[in-house]
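2 protein chains.
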Amino acid sequence: MDITTLDMTIPRILHAYRDKSLSPESLIDQLLLRSKNYDDHNIWITQLSKQQIQPYLDRLEKFTPDELPLYGIPFAIKDNIDLANIPTTAACADLAYTPNKHAHVVECLIKAGAIPIGKTNLDQFATGLVGVRSPESWGACKNSIDPDYISGGSSAGSAVAVALGLVSFSLGTDTAGSGRVPAAFNNIVGLKPSKGLLSTQGVVPACRSIDCVSIFSLTTDDTNHVFEIAADFDSTDAYARPNIDTNRKNYGILPQQSFRFATPKEEQLKFFGNAEIETGFKQTIQQLEQLGGQHETIDFSPFLSAARLLYEGPWVAERRIATKGVDPTAMLPVIADILSTQKTASADDLFKAQYALQACYQQVQPILVEYDFILTPTTGTIYTIEQVQHDPIKLNSNLGYYTNFMNLLDCSAVATPAGFMDNNLPYGVTLFSRAFSDTRLLSFANLLQQKLNLTLGASTHTLPASIAKDAGVMDSVEIVVCGAHLEGLPLNWQLTERGGKLVKKTQSSANYRLYALAGGPPFRPGMVRDEDNGTPIEVEVWSLPTKQFGSFVAGIPAPLGIGKVELKDNRWYTGFICEPYVLNTAIDITHLRGWRNHKI
Amino acid sequence: MDITTLDMTIPRILHAYRDKSLSPESLIDQLLLRSKNYDDHNIWITQLSKQQIQPYLDRLEKFTPDELPLYGIPFAIKDNIDLANIPTTAACADLAYTPNKHAHVVECLIKAGAIPIGKTNLDQFATGLVGVRSPESWGACKNSIDPDYISGGSSAGSAVAVALGLVSFSLGTDTAGSGRVPAAFNNIVGLKPSKGLLSTQGVVPACRSIDCVSIFSLTTDDTNHVFEIAADFDSTDAYARPNIDTNRKNYGILPQQSFRFATPKEEQLKFFGNAEIETGFKQTIQQLEQLGGQHETIDFSPFLSAARLLYEGPWVAERRIATKGVDPTAMLPVIADILSTQKTASADDLFKAQYALQACYQQVQPILVEYDFILTPTTGTIYTIEQVQHDPIKLNSNLGYYTNFMNLLDCSAVATPAGFMDNNLPYGVTLFSRAFSDTRLLSFANLLQQKLNLTLGASTHTLPASIAKDAGVMDSVEIVVCGAHLEGLPLNWQLTERGGKLVKKTQSSANYRLYALAGGPPFRPGMVRDEDNGTPIEVEVWSLPTKQFGSFVAGIPAPLGIGKVELKDNRWYTGFICEPYVLNTAIDITHLRGWRNHKI
């Protein structure tokens, strides 16, 4: 198979492996060739040779594509994350070392069958949002769609590799936006998971207390698939947290037909003169409204206050600790400058800054709880490489306006494509919420991705249909009711107060008789199976949350009960049945063909 | 009523109010008199006059004892917590100010009807575990049982006031043990709640990032009662957290008949030469074993490492921030000395210490998850006031051996009385676990308190019976089974895999017939009500967790169902019923009086 027709999404590749139209080895060979076309983009710090990749391919021989969830899926690794026996540089030759084992998160992916094909370029020490802060030996990483433009950073090469179809997904890191800004600039999805879900063991720290490993891929489906594998609790990472999200297995399942989202109020939105992204962002709001979203605006100031703390406060001490031992003259001057700020900050200063941050955290909680997600542009604009080289600090800072606060405020965030400008460059939006809402955010991002139906990355491939269910499927039980529980009748509240919903009005199979039982109120019918002499009876199917079913059933008095009832489609449903011992005192009302027709 | 016979527990006082044998005003009058007997103990920094208390008493006139959960219950407030219009000193005249509103937690208690009667003595700035670090004007707070001994601190007066029956409960604060050590030394219960549950708004900070307001009372019942009222989420406290404990309404309900607890291994237990407390601690372990506890030992080193960070690391910066503006010469020399340490710590140092702490936190999680609670002595020994005056730093430090790490590692803890030494002084134990386990810890502490049945505080009053249920009541449904679900039969697993438990083997009322239905395997009977011609049938009652009931019922095939079955006690139970339409193909086995007797 010639991979020019392959969109590089994970399900498509696995499909091609299963039907044997493609082998992992053939895919890797073709990707290594494809990669050569993009040498100018400065994507890689170390690209693996075929020989270096071979052991990973060989390992697959023991498995089939059905046995490993990432069987033969090529991926790239930001060069501040360890791949065994390959140097880790963090884009600084002086820091370089060669680890003898994989970072925990890399290990998880490789165990699942993924094939590493290289270590990617980044802003030195992951300090930057531009992608041009790499020493000359590796060069500025170029945008996948227009090489005059910045790729975004710091996870520059990882994003560009995905956008250009050199890999299916990649790992970045994201302390202040490094996993989201490059996603926006290259028309791909970037997940900044909740802190502590992806192990940072084997990752060069930036700000250790808030560092995250991030995931880039073409679709939210792929992101979620990789996230589920990569988010493996690692107790050797001091900052690791178990995933307490009870929804984490429910990707694609949105619990309601409508949802609520908020954006910063008008005057707090900044586009730095980019009218196209401004217009585009308003369109995205409308598109979400069309999907059932209720839109409100919020005061964004506590988020912005937190962001200011990160770059104007003592957190730079963490970057200094992380680069201790590296001679400042061996760093890019712009990085050395940043690291030298706040050198005199005391423990007292840091505690005060942490108090201020905690106040911001407390302020934003009611906002985050109120909405399904907050929506912002991922960045307000994009710059050319030349522009950034002329004004490296301020333009970099502009790109972090919507991203810097995220980890400090313990949020999770998904950056997802939102459209293209006239110059063909993409722009993106970010959905964020509290920690552990990753899966839910991906589900909403998927809803938007399916609606927008944009081409993938820098390619002309179209978006594949999502594997996610997009309806609000809850864990529920269906029950057939035929009497006082029918809609509008006296006991219907027993269903509705438990969150019951009417599924359909229908009829039983022609094998039932209906009796008005003695006693009451409430007056009740009994539906009794009679295969020889029955008739169809008017019934309703209601769905009830499974957890509510127990108390509902426990409240049903004799002679009624819950058993199986055959409907006119000749399928059996859980529903009301009746014991026969009372029929001698009951009135046969079968001829009425339904309880509603019985006048009490 | 003369209150000498009153044990000062909350239910007893409310009872006396309800039967009008006592009025709040009479109680307060008698307590103010009683308090005079203990002037030498240096309990108060400001005791309220009758006139100052009067408005709180007047407010009760609008209510009955049934309308306010703390109606007329007297309480004391550590003098680093604001009571409106009364000076707050933190035991330092230079820091003193007069707040114009109550601290949030005080406001909650007063709204619930509690009557403040004074502000209590403490180790200056809540820095100390001894209770003697108060300026001469207020003096060293003396032990309630033997005034030659220290009261414990820093919440010294609050504990002594409860132990001497001057109030029913009191508020302390607990950063490193201040709410537990004085509980141990005065034979009362001290709860150090999970961080963020009791608002610290209106509290003079010690180490602001880890400060807690704590509760002293005579019984765990009272502690839990006050805790439920005091733990009111306050978004104006930056460190406030909502209580995510799903068990928080289940005080007294222990989920299993047996439980697991651990103690530090032998060589990590320190008693500082106090053989009596050492023996006593071993007895407590045995007593817990007699209550169904399975005892193991753990490596205590990560807890101890965290503790060392608190006093040897840069956290003292927080105490410095909190006392900024107070002239060091206006402080007790021992406090000024402590605050002057680590003055040169940098932000880098603090981040490194926080990394080290995070590593300890991660290390202890598997231990905390493994056990229902960890048990330690609250302190290894007790000292006389004279001993502490001769060696103020080291002896203070000894007292924190089992307490210092608690807030740094985000644990909740209950200090509870464990016995008396020959010199009549008490010793205590602490049960601790992860944050948000407060209610569960109180339930286990109650179990121990009921078993030990010690006198209360410094009095000879005996322990009242607990209002808590001590059995393992779970939310479950009972189901009558009569066929393949009977114990040992082919479908019994459908009950056991859902956590089902056999309640009893019994019989139905004499109104049933039993049929062997056609079809199978599994072979199934149908139990059919027949009031004219029935017989008792052998059945079993099984209990099933309610949340599992829905899936169990949904899996039952026609013609069976779940309805109501009458048992031989003539009560109706939820259980298996059968529709009659299949009886023409079934075999009547009523004469066998049970499915077990039917040979398939």
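Protein chains in written order, with the numbering used here: chain A, 2 to 601; chain B, 2 to 601.
Idealized CB from N, CA, C, for every residue including glycine.
Predicted model, so just to flag it, every value in this text is computed and none were measured.
At a CB-CB cut-off below 8 Å, which residues of chain B make contact with residue i?
| i | result |
| --- | --- |
| V554(A) | F550, G551, V554, I563 and T575 |
Return the residue from the list the options that minimises the CA-CA distance to residue i.
| i | options | result |
| --- | --- | --- |
| S347(B) | N38(A), I146(A) and R321(A) | R321(A) |
| N512(B) | V107(B), N244(B), D531(B) and F352(B) | D531(B) |
| V214(B) | L255(B), G556(B) and I82(B) | I82(B) |
| N493(B) | I468(B), T47(B) and P523(B) | P523(B) |
| G484(A) | E498(A), Y356(A), K502(A) and A517(A) | A517(A) |
| P117(B) | L432(B), V190(B), D80(B) and T507(B) | D80(B) |
| L311(B) | P265(B), T176(B), D149(B) and I278(B) | T176(B) |
| A231(A) | P393(A), G114(A), M407(A) and H296(A) | G114(A) |
| K143(A) | D300(A), I383(A) and P243(A) | I383(A) |
| G73(B) | L32(B), A85(B) and D41(B) | L32(B) |
| A263(B) | D392(B), P378(B) and A241(B) | P378(B) |
| K502(A) | S155(A), P546(A) and E539(A) | P546(A) |
| S544(B) | V482(B), G556(B), I538(B) and K452(B) | V482(B) |
| Q366(A) | T330(A), C412(A) and Q390(A) | C412(A) |
| P526(B) | Y57(B), L568(B), N534(B) and G595(B) | G595(B) |
| N101(A) | G153(A), G203(A), E539(A) and D373(A) | G203(A) |
| A241(A) | N248(A), G281(A) and H105(A) | H105(A) |
For residue i, return the contacting residues in chain B, with the cut-off set at a CB-CB distance below 7 Å.
| i | result |
| --- | --- |
| Q363(A) | S236, A239 and A241 |
| Q355(A) | S210 |
Run through the DSSP bridge pairs and tell me what residue i is partnered with.
| i | result |
| --- | --- |
| A416(B) | G191(B) and T431(B) |
| F374(A) | F262(A) |
| M528(B) | L515(B) |
| C579(B) | L561(B) |
| A77(B) | G119(B) and S171(B) |
| K506(A) | E541(A) |
| E479(B) | S544(B) |
| H296(B) | F262(B) |
| D589(B) | Y516(B) |
| T385(A) | Y150(A) |
| T89(A) | Y98(A) |
| H48(B) | Per the sequence shown, the amino acid found at residue 48(B) is Gln instead of His. DSSP lists G119(B) as partners of Q48(B). |
| F421(A) | P427(A) |
| S347(B) | S347(A) |
| K616(B) | Only positions 2 to 601 of chain B appear in this structure, which leaves residue 616(B) out of reach. |
| V182(A) | The partner list for V182(A) (beta bridge, DSSP) is empty, contrary to what the question assumes. |
Going along chain A in order, which residues have a C-beta closer than 8 Å to the C-beta of residue i?
| i | result |
| --- | --- |
| P334(B) | Residues of chain A passing the Cβ test: none, with the nearest at roughly 22 Å. |
Under 7 Å Cβ-Cβ, which residues of chain C neighbour residue i?
| i | result |
| --- | --- |
| S200(B) | Among the protein chains in the structure shown, which are A and B, there is no chain C. |
Determine the chain A residues that contact residue i at a beta-carbon separation under 7 Å, and present them in chain order.
| i | result |
| --- | --- |
| Q55(B) | Chain A residues near Q55(B): none, gap ~37 Å exceeds 7 Å. |
| A360(B) | A239 |
| V478(B) | G551 and A555 |
| P491(B) | The premise fails here: P491(B) is roughly 20 Å from chain A at the closest Cβ pair, so nothing lies under 7 Å. |
| P315(B) | A348 |
Below 9 Å on C-beta distance, what does residue i contact in chain B?
| i | result |
| --- | --- |
| P560(A) | R530, G564, K565 and I578 |
| I557(A) | I563, G564, K565 and T575 |
Please determine whether the Cβ atom of residue i lies at a distance below 7 Å from any heavy atom of the ligand SAH.
| i | result |
| --- | --- |
| D411(A) | This structure does not include the ligand SAH; it has no bound ligands of any sort. |
- Task: Note down, in chain order, all residues in the segment 506-532 of chain A with a beta-carbon under 9 Å from any beta-carbon belonging to chain B.
- Result: Listed by position, the residues of the segment 506-532 of chain A near chain B (Cβ gap below 9 Å) are N512, V529, R530, D531 and E532.
- Between the segment 335-352 of chain A and chain B, which residues of the former have CB atoms less than 9 Å from a CB of the latter, in chain order? Answer in chain order: Q343, K344, T345, A346, S347, A348, D349, D350, L351 and F352.
- Query: Going along the segment 294-308 of chain A in order, which residues come within less than 7 Å of chain B, judged by CB to CB distance?
  - Reply: Going along the segment 294-308 of chain A in chain order, one finds no residue with a Cβ nearer than 7 Å to chain B.
- Item | Near-chain A residues of the segment 209-226 of chain B - C-beta to any C-beta below 8 Å | Listed by position, the residues of the segment 209-226 of chain B near chain A (Cβ gap below 8 Å) are R209 and S210.
- If you measure beta-carbon to beta-carbon, which residues of the segment 319-333 of chain A are closer than 7 Å to chain B? Within the segment 319-333 of chain A, the residues whose Cβ lies closer than 7 Å to some Cβ of chain B are E319, R321 and I322, listed in chain order.
- Query: Taking Cβ-Cβ distances below 9 Å as the criterion, which residues of the segment 366-377 of chain B are in contact with chain A?
  - Reply: Result list: Q366 and P367.
- Message: Closer than 7 Å between beta carbons: that is the criterion. Which residues of the segment 66-90 of chain A meet it against chain B?
- Response: Taking 7 Å as the cut-off between beta carbons, none of the residues of the segment 66-90 of chain A comes near chain B.
- What are the start and end residues of each continuous alpha helix (DSSP H) run of 4 or more residues lying completely inside the segment 13-65 of chain A, in chain order? Counting only runs of 4 or more, we get 25-37 and 51-61.
- Task: Determine which residues of the segment 26-40 of chain A have a Cβ less than 7 Å from any Cβ of chain B, and write them out in chain order.
- Result: Those would be none; no residue qualifies.
- Residues from the segment 101-121 of chain A in contact with chain B, defined by Cβ distance under 7 Å: Residues passing the 7 Å Cβ filter: none.
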